[in-house]
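Trainee: Protein chains in written order, with our numbering: chain A, 7 to 234; chain B, 59 to 411. Below: one structure in structure tokens.
See below:
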């Protein structure tokens, strides 16, 4: 059965994924909106930077995060000079790493949804007296519903599944930075295949169910829309 | 008055327009596709921005130099081509979107708009349960609920088939008769123009080439509409009496009386008559043994050649202008010249309202 470490790993993982997803939606929404609307010449540069985690080995990202966030790194030093401490090997560090690592999984579906709304609905809202912020929340967000669901589920699932970044910057401290994916690795290393099966299988089924949910929701949504 | 001066550069196209039009009735913005009609409407709505421009509607200045009032602060009603209802809201909430954002709307006003466009039966439907014509009605109602100072209609009928068009046109007639605000109506359809326009503004290649009262614009020889093969004249008249024996009615205008089939309009109601230039012929003496009922005395004002074999003649019927398209041969046989008194025979007319 699950031991104490396993259970704490599950709790840390869920906490991490929920918090990261919330931050990702908060950061990703304005970023995706800007990317979907701007005619800025160097927009592709931003898109490439955001997409980098898709192709970069997670260890590379984790290594650079460790270097910048650690007590000798620029951000680590800045935090210490402000009276704080380096966030490497802490839960906060893990959140920062997850947010950067999962950013494309949130920004891209949102950006696609926002782009597909088109200009007209927003213009209609403007002619009816809605200010920029008003029409964003009353027109763009509801019309991009499916994008938000996809972004949240992918951001959550991807954070649950990360390994390389977490290992580099988290350091596997039980109850603090010890997450599920590393717990599975530890069980395998210790030849505890039964325990590994339990966690890995659970993760597999959960991920599968989440994706089923996204597909059902988006299909339902697209049918609703196509009737319109 | 509505006064506007705007210059908008888009990719491969420049709108450079300066005009002033009356602030009542329907002004039709008429031009071919790509001439800049929609861009002009968007400029008035503030959806396109001109660097330095001037726009005044009634007593509101919406642009003066660099002072630019954004779209959501302009009191406009804009009906987009193809209605553009919000699909994530039902009909009631589409209308509510406008109501919530408009200050000081009374229940009576909202009710009168619903009545004007027969909205009540549609309120509980989703947008997908509406026909094309119903969508347009909801879109027009939604625009009016913004309590606009000007109503902008961008080809509201172009996406509809003939049946739906005929369903919507009576509503547009009602708007025309009942609203006090000016309406700017973009179209490239001569039918809609002749039926609805009080005023025509012609646009070509991003420039305004003329604007004036509807029949002036249709019949002035320095304007292109008088030179097309389907040139027309518009005459506003009044139902005077009926001739039940033959099922006819008499329509009076300052040049005489048209006799047309009775379509049930009540006595005294105003009607608009459309006469195609090719349905008008001229005689020097009043014909007596003829089947044509509509014969009026007229004076030739001006004659211009139209192609190799035809001429266009502008006539005055006691001040009412009418075009006639004749062959050059007929014109020369009649010795037509400016100032000559003739008789006009009108073969057929269309009643537009």
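Here a beta-carbon is modelled for each residue, glycine too, at the ideal position from N, C-alpha and C.
From which residue to which residue does the alpha helix (DSSP H) around residue 399 (chain B) run?
Mentor: Locating residue 399 (chain B) in the second chain gives position 341, counting from the first residue. First-last for residue 399 (chain B): 399-404, but that is the beta strand (DSSP E), not the alpha helix (DSSP H).
Trainee: Helix, strand or coil for residue 159 (chain B), going by three-state DSSP, please let me know.
Mentor: To locate residue 159 (chain B), count along the second chain from 1; it is residue 101. Here residue 159 (chain B) sits in coil by DSSP.
Trainee: Taking the DSSP output, what are the residues bridged to residue 317 (chain B)?
Mentor: Stepping through the second chain from its first residue, residue 317 (chain B) is reached at position 259. For residue 317 (chain B), which the question treats as bridged, DSSP gives the partners B:308.
Trainee: Which residue comes first and which comes last in the beta strand (DSSP E) that contains residue 74 (chain B)?
Mentor: Taking the first residue of the second chain as 1, we reach residue 74 (chain B) at position 16. 71-79 is the extent of the beta strand (DSSP E) around residue 74 (chain B).
Trainee: When you compare the CB of residue 126 (chain A) with every CB in chain B, is at least one pair closer than 8 Å?
Mentor: In the first chain, counting from the first residue as 1, residue 126 (chain A) sits at position 120. For residue 126 (chain A), the answer is yes, since a Cβ of chain B falls inside 8 Å of its Cβ.
Trainee: Please list the partners that residue 129 (chain B) has in chain A, where partner means a Cβ-to-Cβ separation under 8 Å.
Mentor: Residue numbering aside, residue 129 (chain B) sits at position 71 when the second chain is read from its first letter. Near residue 129 (chain B) (Cβ distances below 8 Å), the residues of chain A are 129, 132, 133.
Trainee: Given a threshold of 16 other Cβ atoms within 10 Å of its Cβ, counted over all protein chains shown, does residue 234 (chain A) qualify as buried or as exposed?
Mentor: Looking up residue 234 (chain A) in the first chain gives position 228. Note that residue 234 (chain A) scores 39 on pLDDT, short of 50, meaning its location in the model is unreliable and no value can be drawn from it.
Trainee: With H, G and I counted as helix, E and B as strand and the rest as coil, what does DSSP make of residue 126 (chain B)?
Mentor: As a working note, residue 126 (chain B) is residue 68 in the second chain. Strand.
Trainee: How close, in whole Å, do the beta carbons of residue 409 (chain B) and residue 321 (chain B) come, if the pair is a contact with beta carbons under 8 Å?
Mentor: For the purposes of this step, residue 409 (chain B) is taken as the residue at position 351 of the second chain. For the purposes of this step, residue 321 (chain B) is taken as the residue at position 263 of the second chain. Confirmed, about 6 Å.
Trainee: Tell me which residue opens and which closes the beta strand (DSSP E) that residue 12 (chain B) is part of.
Mentor: A query on residue 12 (chain B) cannot be resolved here, the shown segment of chain B reaching from 59 to 411 and no further.
Trainee: 8 Å is my cut-off, CB to CB: does residue 146 (chain B) come that close to chain A?
Mentor: For this step, residue 146 (chain B) is matched to residue 88 along the second chain. At least one chain A Cβ lies under 8 Å of residue 146 (chain B).
Trainee: Determine which residues of the region 103-122 of chain B have a Cβ less than 9 Å from any Cβ of chain A, and write them out in chain order.
Mentor: Answer in chain order: 103, 104, 105.
Trainee: Taking 8 Å as the limit between beta carbons, can you name the residues of its chain near residue 49 (chain A), skipping five residues before and five after?
Mentor: Looking up residue 49 (chain A) in the first chain gives position 43. Excluding residues within five positions, the ones whose Cβ falls inside 8 Å are 41.
Trainee: If we call anything under 8 Å between Cβ atoms a contact, is residue 355 (chain B) one with residue 399 (chain B)?
Mentor: Translated into the one-based positions of the second chain, residue 355 (chain B) becomes position 297. Translated into the one-based positions of the second chain, residue 399 (chain B) becomes position 341. It is a contact, given that the beta carbons lie within the stated cut-off.
Trainee: So what does residue 353 (chain B) bridge to, in DSSP terms?
Mentor: For the purposes of this step, residue 353 (chain B) is taken as the residue at position 295 of the second chain. Residue 353 (chain B) is bridged to B:403.
Trainee: Which residues of chain A have a Cβ atom closer than 7 Å to the Cβ of residue 171 (chain B), listed in chain order?
Mentor: The residue you call residue 171 (chain B) lines up with position 113 of the second chain. Here the premise fails: no neighbours, minimum Cβ distance about 14 Å.
Trainee: Give the DSSP-derived three-state secondary structure of residue 146 (chain B) in the structure shown.
Mentor: Here residue 146 (chain B) is taken as the residue at index 88 of the second chain, counted from 1. In this structure, residue 146 (chain B) counts as coil in the three-state DSSP scheme.
Trainee: Out of curiosity, what's the CA-to-CA distance linking residue 67 (chain B) and residue 90 (chain B)?
Mentor: Numbered from its first residue, the second chain carries residue 67 (chain B) at position 9. Numbered from its first residue, the second chain carries residue 90 (chain B) at position 32. Distance between the alpha carbons of residue 67 (chain B) and residue 90 (chain B): 19 Å.
Trainee: Within 8 Å of any Cβ in chain A, is that where the Cβ of residue 136 (chain B) sits?
Mentor: The residue labelled residue 136 (chain B) in the question sits at position 78 within the second chain. Chain A, which has a Cβ nearer than 8 Å to the Cβ of residue 136 (chain B), makes this yes.
Trainee: On the DSSP bridge assignment, give the partners of residue 112 (chain B) in chain order.
Mentor: Here residue 112 (chain B) refers to the residue found at position 54 when the second chain is read from its first residue. For residue 112 (chain B), which the question treats as bridged, DSSP gives the partners B:63, B:122.
Trainee: Measure from the C-beta of residue 199 (chain B) to each C-beta in chain A and report whether the shortest distance is under 8 Å.
Mentor: Counted from its first residue, the second chain places residue 199 (chain B) at position 141. No, because no Cβ of chain A sits closer than 8 Å to the Cβ of residue 199 (chain B).
Trainee: If residue 138 (chain B) sits next to residue 126 (chain A), beta carbons under 8 Å apart, how far is it from one beta carbon to the other, in whole angstroms?
Mentor: In the second chain, counting from the first residue as 1, residue 138 (chain B) sits at position 80. In the first chain, counting from the first residue as 1, residue 126 (chain A) sits at position 120. Correct: roughly 6 Å between the Cβ atoms.
Trainee: By the criterion of Cβ-Cβ separation under 7 Å, what are the contact partners of residue 160 (chain B) in chain C?
Mentor: The structure shown has no chain C; the protein chains it does contain are A and B.
Trainee: So, with DSSP's three-state summary, where would you put residue 126 (chain A)?
Mentor: Here residue 126 (chain A) refers to the residue found at position 120 of the first chain. Note: residue 126 (chain A) maps to helix in three-state DSSP.
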